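Below is one structure, written out as structure tokens; comments come after it.
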Amino acid sequence: MAIQLLITCDDCGLSEGINLTAARLHEQGLVTCASLMTNFPAVAHALKLFRLYPTLELGVHLNLSDGIPLTPLGANSELTRADGQFRDRYVLFAKGVFPSEAMMEQIRTELRAQIAVLVDVGIRPAHLTTHCHFHVLPALRDRVYELAEEYGVTWVRSYSYRATSIPFNPLIDKESREPSPHAFVVPDYLVTLRHWLDRPPDALLNELLSLNGTVEIVLHGGIMNDETFPADVRYTPQERYYETMYLEKVYRLIQTQASGEIVIRPLTRAQHGL
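Throughout, my numbering is defined as the position within the sequence shown, counted from one, plus 9.
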């Protein structure tokens, strides 16, 4: 049975360079999904550009730690600093372990607003992912799952370390996976591409061939010189460019060495009986 790859370009909407990278790689047969950060200005560019690619699956990259919220949380709220920007991911994770009711209500309202950016222009989000993987926290994951069911998304990114393929993960479970108990799919495995960059591309190919079921590869793509990239965002355009080049090398190996064993295509609800 062939391994099914979903290749998701995260952070679309953060800059025009990221949007253009997702579109180019989709044209080449690599990227199947674009996950949009809808609280950044370049989301308008993304929505206009991606209309040209009806086969590119669109979803929301839920974000609680970069940029400005879409909802009026004000200054010095549970989620925001004095300047109205989101608090950084370290504060989010510290507070998110035992969040207050006020914080959970702010999160619920903000995440709905981020999803509404797609819904309001007639796009049904096919997936939900989270920036900095915040749904690893149980309380925040519950909110994401509630929204996934509310909006009828097809899949939600895996949060489990036992399903995460990074070099030397001794806890990864490569046995058969159980069907999702939810009204959406959780792909069997998650490959965070940036953690493989110091390994040769054929090492990642061999890892992919050792898995079974559905595998999501996460790409933080970009171009080398991106004048629209926000200055205060971690992980630079140059780093994103090198990650993009790495994915292209892996893709060439898949084409030449594993074309019948690995299939790159998006998930469908019918495929999983949803």
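All C-beta atoms, glycine included, are put in the ideal place defined by N, C-alpha and C. A quick note: this is a predicted structure, and the numbers were derived from the prediction, not measured.
Item to complete: Can you grab the Cα-Cα spacing for the pair residue 136 / residue 166, in whole Å?
Response: Cα to Cα, residue 136 sits roughly 8 Å from residue 166.
Worksheet entry | Member of 261, 269, 61 whose CA lies at the smallest distance from the CA of residue 38 | 261
Worksheet item: In this structure, what does DSSP give as the bridge partners for residue 68?
Response: 44
Practice prompt. Using 10 angstroms around the beta-carbon of residue 85, count the other beta-carbons present and answer buried if the total reaches 16, otherwise exposed.
Written response: By the neighbour-count rule (16 or more Cβ atoms within 10 Å), residue 85 is not buried but exposed.
Practice prompt. Just tell me which of 234, 175, 44, 189 has its CA closest to the CA of residue 208.
Written response: 175
Item to complete: Would you mind reading off the limits of the alpha helix (DSSP H) that contains residue 116?
Response: 110-128
Worksheet item: Is the distance from the Cβ of residue 76 to the Cβ of residue 55 below 7 Å?
Response: Cβ distance not < 7 Å, so residue 76 and residue 55 don't count as in contact.
Worksheet item: Mind checking residue 272: buried by the 16 CB within 10 Å criterion, or exposed?
Response: exposed
Fill in: residue 198 beta carbon less than 7 Å from that of residue 224
At the C-beta level, residue 224 and residue 198 come within 7 Å of one another.
Practice prompt. Consult DSSP for residue 99 and reduce its assignment to one of helix, strand or coil.
Written response: helix
Worksheet entry | Identity of the residues DSSP links to residue 21 by a beta bridge | Residue 21 is bridged to 45.
Discussion item. Within 10 Å of its beta-carbon, does residue 25 have 16 or more other beta-carbons around it, so buried, or fewer, so exposed?
Written reply: buried
Practice prompt. Quick one: using the 10 Å Cβ neighbour count with 16 as the cut-off for buried, is residue 28 buried or exposed?
Written response: buried
Practice prompt. Just tell me which of 117, 50, 192, 145 has its CA closest to the CA of residue 103.
Written response: 145
Fill in: residue 48 burial status per 10 Å Cβ neighbour count (16 or more: buried)
Here residue 48 is buried: its Cβ has 16 or more other Cβ atoms, across all protein chains shown, within 10 Å.
Worksheet entry | Alpha-carbon to alpha-carbon, residue 180 and residue 170 | Take the alpha-carbon of residue 170 and the one of residue 180: they are about 7 Å apart.
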